[in-house]
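In this note's numbering, the protein residues as written are 814 to 967. Remarks on the structure that follows.
Okay, here's the thing in structure tokens:
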């Protein structure tokens, strides 16, 4: 097994060399360094987002199992930064309950992405279905330069 795919990820995973990703924690996690033991940071670091670019838009998909759309915020900052944040609440404990294992993360999470120049910031749309948040950022159509043919005389 090669270490290169683990360190640099495959084409679908986030990469520490992605110039648009602003997530500091993913870089360290990809290399196998521990991030923190706090539940809040754990939830932050474990929120996975796919970002694909189509000819028409940038599409972000985040897995947010168990969250309602009211518990998630999608914001655009003036400097072309898309921010996805929210909070997973800790399950209420009953004194009669005996926990054997707690693996699901809880706490606040936030992911930020710097959008490219061609993003239409005023037309961003978000939807949530079955625990998957989809944020669509339309792209400006690249205007092809007008080419005018000049007849050669003589």
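We put the CB at the ideal spot given by N, CA and C, even for glycine. Predicted model, so just to flag it, every value in this text is computed and none were measured.
Quick one: residues in its chain with C-beta nearer than 7 Å to the C-beta of residue 884, no 5 flanking neighbours on either side, listed in chain order?
899 and 900
What is the rounded straight-line gap between the Cα of residue 893 and the Cα of residue 948?
In this structure, the alpha-carbon of residue 893 lies about 14 Å from that of residue 948.
Please report how far the alpha carbon of residue 938 lies from the alpha carbon of residue 950, in whole angstroms.
7 Å
Please name the residue in 913, 930, 917 and 936 whose C-alpha comes closest to that of residue 887.
936
Is it right to say residue 969 is buried, meaning 16 or more other beta carbons lie within 10 angstroms of its own, or is it exposed?
There is simply no residue 969 to check, as the chain begins at 814 and stops at 967 in what is shown.
Please state whether the Cβ-Cβ distance between residue 946 and residue 889 is less than 8 Å.
Their beta carbons are not under 8 Å apart, which means residue 946 does not touch residue 889 by this criterion.
Once DSSP output is grouped into helix, strand and coil, what is the label at residue 882?
helix
Taking the straight line between their C-alpha atoms, what separation do you get for residue 973 and residue 953?
For residue 973 there is no data in the structure shown, the boundaries of the chain being 814 and 967.
Determine the extent of the beta strand (DSSP E) in which residue 863 is found, giving its start and end residues.
862-866
Could you tell me which of 870, 882, 878 and 863 sits nearest to residue 932, measuring between CA atoms?
870
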